[in-house]
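Asks: Let me begin by handing over the structure; questions about it come next.
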Amino acid sequence: MADTPNLELLKSKEQVQAYLDSITDPSFPEAFRSPLSSFNITNGIGNAVHRLVLNTSISNNLTSTGTVILKHSNPYIFNIDGQKFTWDLWPFEANALRDVPHTGVVKAPKLYWVDHVNRVMFTEDAGPQSQNLKDLLLSDEIPQPKVFSKIGEELGAYLAQLHSWGRDKKILEKYENKDSRVIASWRTYGRFEDALIKTYPELSENLKQKVAAYCAQEKEKALHGNEIVIMGDFWTGNVLVNLTETGELESLYIVDWEMVRPADAATELSQMLAEVWEAGEFSKNPNAKPGAKSLSEGLCSAYRSQVEKIPEGMLKEVMLAAGAHIVVWGEIGFAVYGDEGKFKEVKDKATQFIREAFGEEVESQDWGFGALKS
């Protein structure tokens with residue numbers, strides 16, 4: 614872990630402006646120093662994100678949007694089962710924004726300037742009109758399924774490229790993000806077993822044992838797995854979508870790379886596929902469910918077509934991980950979109966999916982993952 618910074622987390626526009634006024638580094642772009650305005654986008658766990666609207670009349674504009682994103686990160690202390698852990702993911706995101714590959718459509722934001730002492734980054738803005746993929750699926754008016762299919766295809770092709778890049782030994786060593794590993798070992802698999810049994814106390818002992826063994830296996834993989842470097846927090850909220858005036862896909866930005874780390878492809882794919890499926894289930898728009906399935910099918914097909922080989926058992930691993938994610942996170946991530954009955958319905962479907970992955974005879978469900986079958 615790097616030295617603990619002294620700068621208080623920049624949560625307000627007043628704090629942001631005071632910070633901008635304090636910068637003396639001559640390499641700092643003057644266009645960023647005196648924005649016309651700033652807007653807080655989010656204050657998360659250990660970080661704050663703001664959009665600065667630049668005064669382009671007084672300085673050269675480095676950006677295409679006339680805006681820039683300021684992100685400030687600080688360590689965060691939290692407890693897991695009575696033990697204190699530090700969530701300190703600096704400087705992995707800044708490194709990733711410099712290093713990760715891009716495609717013609719999918720990219721990580723450009724990194725304009727970094728204050729390594731205070732842990733502040735200035736990055737490209739995906740655009741004030743961009744919308745994250747989760748909100749797009751939950752909108753009252755959503756694109757046609759063909760647009761979601763295209764989004765899936767582009768994301769699948771990008772992941773294949775990212776994972777190929779992430780097999781290099783030097784890349785694996787550079788992104789040995791130990792705090793991210795601890796968080797990943799706990800956030801789903803540290804809670805899945807209890808969450809499942811709380812909802813379904815009547816589960817057979819055989820299934821309970823399978824779930825316990827699975828959670829232990831996944832915790833171990835999260836802490837020590839070393840197949841590829843993954844984005845690490847690849848879900849619908851971290852994909853920003855830009856559409857053209859006619860509603861076609863223009864660009865996709867992948868943001869929030871703090872959790873980048875060594876892991877495996879199933880971990881990466883399952884989180885996104887679970888979140889896409891959930892959005893289709895919880896959306897009030899009847900077109901969301903076919904849109905979500907089109908996206909999943911496009912993602913899985915494109916990924917399979919561009920990787921050298923789908924690992925043995927990939928589909929089972931993705932099914933189990935997606936089901937576990939939904940049982941743990943569905944009610945949290947979609948709290949304002951459902952009620953007790955809907956949450957139970959979604960968990961029932963996820964649990965059925967888990968049973969199928971474990972080889973039990975249940976009514977088959979098609980979530981659009983079929984291309985991952987090895």
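Position in the sequence shown (first residue = 1) + 613 = this note's numbering.
No residue lacks a Cβ here, since even glycine has one placed at the ideal position from N, Cα and C.
As the structure is a computational prediction, the values presented were derived from the model and not from experiment.
1. Can you tell me whether Pro875 is buried or exposed, with buried defined as 16 or more other CB within 10 angstroms of its CB?
2. Drop a sphere of 10 angstroms on the beta-carbon of His837, count the other beta-carbons inside from all chains shown, and report buried for 16 or more, exposed for fewer.
3. In the DSSP assignment, find the unbroken beta strand (DSSP E) run with Gln696 in it and report its ends.
4. My guess is that Thr699 and Asp846 are in contact by the Cβ rule of under 8 Å, so how many angstroms apart are they, rounded?
5. List the DSSP bridge partners of Pro899.
6. Asp694: which of Val795, Tyr950, Val889 sits nearest, CA to CA?
7. In the structure shown, what three-state DSSP assignment does Ala615 receive?
8. Leaving out the 5 sequence neighbours to the left and right, which residues in its chain are closer than 8 Å to Ser640 when beta-carbon positions are compared?
9. I'd like to confirm the pairing. Which residues does DSSP put opposite Lys759 in its beta bridges?
10. Between which two residues does the beta strand (DSSP E) holding Leu865 run?
11. Would you tell me roughly how many angstroms separate the C-alpha atoms of Pro648 and Leu816, rounded to the nearest one?
12. What distance in whole Å lies between the Cβ atoms of Asn745 and Thr849, which are believed to be in contact at a cut-off of 8 Å?
13. Based on DSSP bridge pairs, tell me the residues matched to Ile841.
14. Tell me which residues share the same chain as Lys763 and place their Cβ nearer than 6 Å to its Cβ, disregarding the 5 neighbours each side in the sequence.
15. If you check the beta carbons only, do Leu865 and Glu754 fall under 8 Å apart?
16. The beta strand (DSSP E) that contains His729, what's its start and end?
17. Cα separation between Ser798 and Ala835?
18. Would you list the one or two residues that DSSP bridges to Asn656?
19. Residues in its own chain within less than 8 Å of Arg968 by CB, not counting five upstream and five downstream?
20. Exposed or buried, what is Glu925 when buried is set at 16 or more other beta-carbons lying within 10 Å of its beta-carbon?
21. How is Asn687 classed by DSSP in three states: helix, strand or coil?
22. Would Leu623 pass as a contact of Tyr632 if the rule is Cβ separation under 8 Å?
23. Note down, in chain order, each residue of its chain lying with its Cβ closer than 6 Å to the Cβ of Val719, except the 5 sequence neighbours on either side.
24. Between which two residues does the beta strand (DSSP E) harbouring Leu853 extend?
25. Please confirm whether Gly765 and Leu882 have their CB atoms less than 8 Å apart.
26. Please work out which residues of its chain come closer than 6 Å, Cβ to Cβ, to Gly740, disregarding the five sequence neighbours upstream and downstream, and give them in chain order.
27. Kindly list the residues whose CB is nearer than 6 Å to the CB of Leu620, restricted to its own chain and excluding five residues on each side of it in sequence; keep chain order.
28. Just list the alpha helix (DSSP H) runs in the stretch 885-944, keeping only unbroken ones of 4 residues or longer that don't cross its boundaries, in chain order.
29. Based on Cα-Cα distance, which residue from Gln757, Phe705, Val713 lies nearest to Val992?
30. Which first and last residues belong to the alpha helix (DSSP H) in which Val629 is found?
31. Residue range of the alpha helix (DSSP H) that Leu746 falls in?
32. Is the CB-CB distance between Leu750 and Ser909 below 8 Å?
33. For His663, does the count of other Cβ atoms within 10 angstroms reach 16, so buried, or fall short, so exposed?
34. Cα-Cα, which of Phe645, Gly951, Asp634 is closest to Asn668?
35. Determine the contact status of Val868 and Ala709, defining contact as a CB-CB distance below 8 Å.
36. Helix, strand or coil: how does DSSP classify Leu620 here?
Replies: Result, derived from the coordinates:
1. Within a 10 Å sphere around the beta-carbon of Pro875 sit 16 or more other beta-carbons, which makes this residue buried.
2. Per the 10 Å Cβ criterion, exposed.
3. Looking at the DSSP string, the run of the beta strand (DSSP E) that includes Gln696 is 696-700.
4. The Cβ separation is near 18 Å, so there is no contact.
5. Beta-bridge analysis with DSSP links Pro899 to no other residue.
6. Residue Val795 is the option with its Cα nearest to Asp694.
7. Note that Ala615 has pLDDT 48, beneath the 50 cutoff, so the model's placement of it is unreliable and the number below is only indicative. Note: Ala615 maps to coil in three-state DSSP.
8. Cβ neighbours of Ser640 beyond the five flanking positions: Trp726.
9. Note: Lys759 sits in no beta bridge, so no partner.
10. Per DSSP, Leu865 belongs to the beta strand (DSSP E) from 862-867.
11. Rounded to whole angstroms, Pro648 to Leu816 spans 58 Å at the Cα level.
12. Contact flag correct, Cβ pair sits at about 7 Å.
13. Its beta-bridge partners are Ala876.
14. Scanning its chain for C-beta atoms nearer than 6 Å, with the 5 sequence neighbours on each side dropped, one finds around Lys763 the residues Leu862, in chain order.
15. The Cβ atoms of Leu865 and Glu754 do not sit closer than 8 Å to each other.
16. First-last for His729: undefined, no H or E at that position.
17. For Ser798 and Ala835, the distance between alpha carbons rounds to 5 Å.
18. Ala661, per the DSSP bridge assignment.
19. Within the same chain, Arg968 has close Cβ partners Leu820, Val975.
20. With fewer than 16 other Cβ atoms inside 10 Å of its own Cβ, Glu925 counts as exposed.
21. Asn687 falls in the coil class under three-state DSSP.
22. Against a cut-off of 8 Å, the Cβ pair of Tyr632 and Leu623 comes out as a contact.
23. So the qualifying residues of the chain are Glu767, Tyr771, Leu865.
24. Secondary structure note for Leu853: its beta strand (DSSP E) is the uninterrupted segment 852-856.
25. For Gly765 and Leu882, no; Cβs fall outside 8 Å.
26. These residues qualify, in order along the chain: Thr678, Asn855.
27. Counting only Cβ-Cβ distances below 6 Å, and skipping sequence neighbours, we find Asn731.
28. Listed in chain order, they are 901-919.
29. Nothing in the structure corresponds to residue 992, since the chain is present only between 614 and 987.
30. If you look at Val629, you'll find it in the alpha helix (DSSP H) that goes 626-635.
31. Its alpha helix (DSSP H) spans residues 746-750.
32. Between Leu750 and Ser909, the CB-CB gap reaches or exceeds 8 Å.
33. His663 is buried by the Cβ-count criterion.
34. Residue Phe645 is the option with its Cα nearest to Asn668.
35. Result no, Cβ atoms of Val868 and Ala709 do not sit closer than 8 Å.
36. In the displayed model, Leu620 falls within coil according to three-state DSSP, outside both helix and strand.
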